[in-house]
Amino acid sequence: MSVAKRLVALLLAGLVLLAASALAQGTGVAEQLLAAESLPKAQRERRLALLEAVQASPGSDEELERLFLLATTYGQESPPEPERWQAWAQQAPAPRQALGPWMQQLAELSHLIDKQQFRRARELADTWPQAPAGATRLWRLRALQLRAIALEETGQAESALLLLLEAAPMAEAEGPPWRTASHLSQLANAYSRMGQHERALATAREALLIAQKQPDADLLSRQHAQLSIVLSRAGQHEASRVEGEKALAQARLANDPDHLALQLANQADSYLKLNRPARALELTEEAYPLALEARSRGIGPLSLTLHNRGMALIQLGRVAEGKQSIRRSVTLDLQSGGTTYAVEGLLELGDVLKRAGDLPGAYEALREARELEESVSSQLRAEALAEAQQRFDTAQRSREAERLRQRNAAQAEALRAERLRLGLTALALVCGALLLWLAVLLLRRMRRTNAELAHTNQALAEASERDPLTGLGNRRRLQSLLREAGHRDPSQPLGLILLDIDHFKGLNDQHGHAAGDAVLRAVAGRMRSAVREPGGVIRWGGEEFLVVLPGADAALTSSLAQRLLDVIGSEPVALRDGHSIPVRCSMGVTALPLQAPALGLEQGIDLVDALMYRAKSHGRNQAWCLQQAELPDLPSLLHALGDPDSGSLDLQRLVGPRAAEGLA
8 MSVAKRLVAL
18 LLAGLVLLAA
28 SALAQGTGVA
38 EQLLAAESLP
48 KAQRERRLAL
58 LEAVQASPGS
68 DEELERLFLL
78 ATTYGQESPP
88 EPERWQAWAQ
98 QAPAPRQALG
108 PWMQQLAELS
118 HLIDKQQFRR
128 ARELADTWPQ
138 APAGATRLWR
148 LRALQLRAIA
158 LEETGQAESA
168 LLLLLEAAPM
178 AEAEGPPWRT
188 ASHLSQLANA
198 YSRMGQHERA
208 LATAREALLI
218 AQKQPDADLL
228 SRQHAQLSIV
238 LSRAGQHEAS
248 RVEGEKALAQ
258 ARLANDPDHL
268 ALQLANQADS
278 YLKLNRPARA
288 LELTEEAYPL
298 ALEARSRGIG
308 PLSLTLHNRG
318 MALIQLGRVA
328 EGKQSIRRSV
338 TLDLQSGGTT
348 YAVEGLLELG
358 DVLKRAGDLP
368 GAYEALREAR
378 ELEESVSSQL
388 RAEALAEAQQ
398 RFDTAQRSRE
408 AERLRQRNAA
418 QAEALRAERL
428 RLGLTALALV
438 CGALLLWLAV
448 LLLRRMRRTN
458 AELAHTNQAL
468 AEASERDPLT
478 GLGNRRRLQS
488 LLREAGHRDP
498 SQPLGLILLD
508 IDHFKGLNDQ
518 HGHAAGDAVL
528 RAVAGRMRSA
538 VREPGGVIRW
548 GGEEFLVVLP
558 GADAALTSSL
568 AQRLLDVIGS
578 EPVALRDGHS
588 IPVRCSMGVT
598 ALPLQAPALG
608 LEQGIDLVDA
618 LMYRAKSHGR
628 NQAWCLQQAE
638 LPDLPSLLHA
648 LGDPDSGSLD
658 LQRLVGPRAA
668 EGLA
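Residue numbers for the sequence shown follow the working numbering, beginning at 8 and rising by one.
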């Protein structure tokens, strides 16, 4: 199974290509930043020390580059405080101040990719503005590379390749050689994914030649690994194994456990293709503890290890164990948004089960892969339409906001005039009671103007937090709830429900997008009628809705989930053409706080997302409610949810009404 995209993500995150000795006394700020960036990811403490020691001018490009490198070096731990980015913008020249928020978003995109949260990375990349004027070539290069990863990981390989080709001249011109090698490695992977094997091999070999000019164990390991992957996709499995052994030997020298786990699992794939499952199993057994340790920093090594372990077990005749291991890998990929990996894993599972004689199991795996692939294609079409609609809606809101701003400006100007007149009136109080009465009148008018201004501002704020199709709160509204939740007592209960409309793709394909919009509006109306405090009902995106219930414990939240299942599925949605459509949904449900682990609201959303996928995988039209758990942290909890044999969770399954016809 291919791990090239994961390897490229590590190449970009680590930039592991030079020794620390590059930082000599007396070098300039730019050279100091480059030397810190070039340190291997495993030398994080050394890299942080170098970055903290850099003395860059406030508001300069060098200081902004230092902030970006600090943010991407800290990884999943504490990044630089938001105040640092704001301080940079305040001290930068006015024409360059827009670079601060843009670079902060670039760091966030890198952070999401490093954590392998690809769906959120894609959402950020889709809404991210073009580079502001004044962005350096290096910053524009990074933006293209990171956006390409986000697109490729969510199924848009062709768009990713176009971005990488656009960035290639920048990488070559930017230097140093290790940066060029990293980009060529990413480009070789994209060519290989598109089936252009000759170009992929030539590009991967060119990257390896560049890396060998300044040998570094971590860099050489990654370049040999990329060449091994490209050779494997081209069908040259023995040559791929040889390159993989070179990559593994260098990885053992590099002192980077995360990369070693990934390379062990990748080399196991080479032995599987050569029909040597016993050796593949040995490598995955060595990789497994390392991959578990790396899980908090990304699920890539663990997912690949579980997959190749399962493939080896099936080839060795231990079919049930192997299927379970591969299923765990697919679950991890889906939870992180790695749909491409999940499809590949299911296809390989179907093929190996067919060769093992388990035809029913092979059919089921291939059917799931086909459905998932069709779902991705439909989602891409829907996203394109939604993006066009969003641009139109944004333009409409911008025009309305501009009118409101102009009105505010006029009212503010009128207010200033009123204040001036009031001041003149105060000076003329000696002229008599008539002037005093006039001052009182002007004060009343000023208060009315202030009230109108406050009302206008409130209307503008409410419009920005409202989804135009369903009338529910949008993600901006969710941010307001997050801020409110930050001030709540963590011991007080908080219910969470994530709801997804079942078979929404089929509904759109059969009845058209106008019918889909009608269903979304109807479901939103039914949710408002069922929830006592509808302000906590959010349109999460597409056909997904999130319900936030302050003060609701596990019993109340489960009761509301059952009511939502019943209300939404109680009767079909009537269309304008006279047809009616039965509607069902799947839900993930929990209430915070759990006994263990202690979760914040954002982690709670990740949890109900995993529960919702469990409901989907168990037949839809149902809700899975996590009543209680006693596990040390969120990764352990998600792992237990992905393990069908886990008995450490108190789960409740709620079932919606069954329909006599329609989608079931």
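The beta carbon of each residue, even a glycine, is placed where N, CA and C say it ideally should be.
Please name the residue in the options whose C-alpha comes closest to that of residue i.
i	options	result
S587	D616, V526 and L506	V526
Q569	R660, G585, N481 and P579	R660
A272	R286, A294, L299 and D263	A294
A246	T291, R54, A261 and K280	K280
G45	A114, S64 and P184	Correcting the residue type first, residue 45 is Ser in the shown sequence and not Gly. Of the candidates A114, S64 and P184, the one whose C-alpha sits nearest the C-alpha of S45 is P184.
S566	P541, E550 and T597	T597
S199	T187, L353 and S235	S235
S655	G542, L216, E637 and C632	E637
H625	A417, T80, E375 and R483	E375
V249	D225, R473 and A275	A275
Q684	P500, L74, F75 and R53	An answer regarding residue 684 cannot be provided, because it is not within the stretch 8 to 671 covered by the chain.
P89	E69, Q111 and Q124	Q111
L169	T187, R283, M201 and P139	M201
T347	L436, S310 and K512	S310
A211	L353, T187 and Q221	T187
P264	R240, E70 and P308	P308
How is residue i classed by DSSP in three states: helix, strand or coil?
i	result
D276	helix
G21	In this prediction, G21 has a pLDDT of 43, which is less than 50 and means its spatial position is unreliable; nothing more can be read from the coordinates.
P65	coil
V538	coil
V326	helix
L480	It is worth fixing the name first, because residue 480 is Gly in this sequence and not Leu. Correct three-state label for G480: strand.
E472	coil
A559	coil
A142	coil
A372	helix
G654	coil
H314	helix
H625	coil
R129	helix
S247	helix
K122	coil
W135	coil
T161	coil
S332	helix
M201	coil
D516	helix
DSSP beta-bridge partners for residue i?
i	result
G595	L505 and W631
Q659	C632
F552	L506 and R546
I575	Answer is none; I575 lacks a bridge partner.
S587	A581
A603	E637
What is the C-beta distance between residue i and residue j, in whole angstroms, given that I count them as a contact (C-beta under 8 Å)?
i	j	result
L379	V350	5 Å
L145	L131	Contact flag wrong, Cβ pair sits at about 20 Å.
G502	A559	3 Å
E550	D616	The Cβ separation is near 14 Å, so there is no contact.
A150	L158	So it is not a contact: roughly 12 Å between Cβ atoms.
Y278	A287	4 Å
W258	Q270	Sequence inspection shows Ala at residue 258; the Trp mentioned does not correspond to that position. Indeed, because the Cβ distance is near 4 Å, the residues count as touching under 8 Å.
Q610	L641	5 Å
W631	L658	6 Å
L40	R73	6 Å
G357	L339	About 19 Å; that fails the 8 Å criterion.
L645	P604	The Cβ separation is near 11 Å, so there is no contact.
Assuming contact is defined by CB atoms lying nearer than 8 Å, are residue i and residue j in contact in what I supplied?
i	j	result
G345	S332	no
V326	A298	no
G595	L618	yes
S228	H266	yes
A254	A224	no
Q104	P65	no
G576	G663	yes
V555	L488	yes
A138	R147	yes
S195	V237	Looking at the sequence shown, residue 195 is not Ser but Ala. For A195 and V237, yes; Cβs fall inside 8 Å.
L472	G480	Residue identity check: residue 472 is Glu in the sequence provided, not Leu. Contact: yes.
A529	V580	yes
Should residue i be listed as close to the ligand ZN, given that the test is whether its C-beta is under 7 Å from any heavy atom?
i	result
R362	Ligands are entirely absent from the displayed structure, and the ligand ZN is therefore not among its contents.
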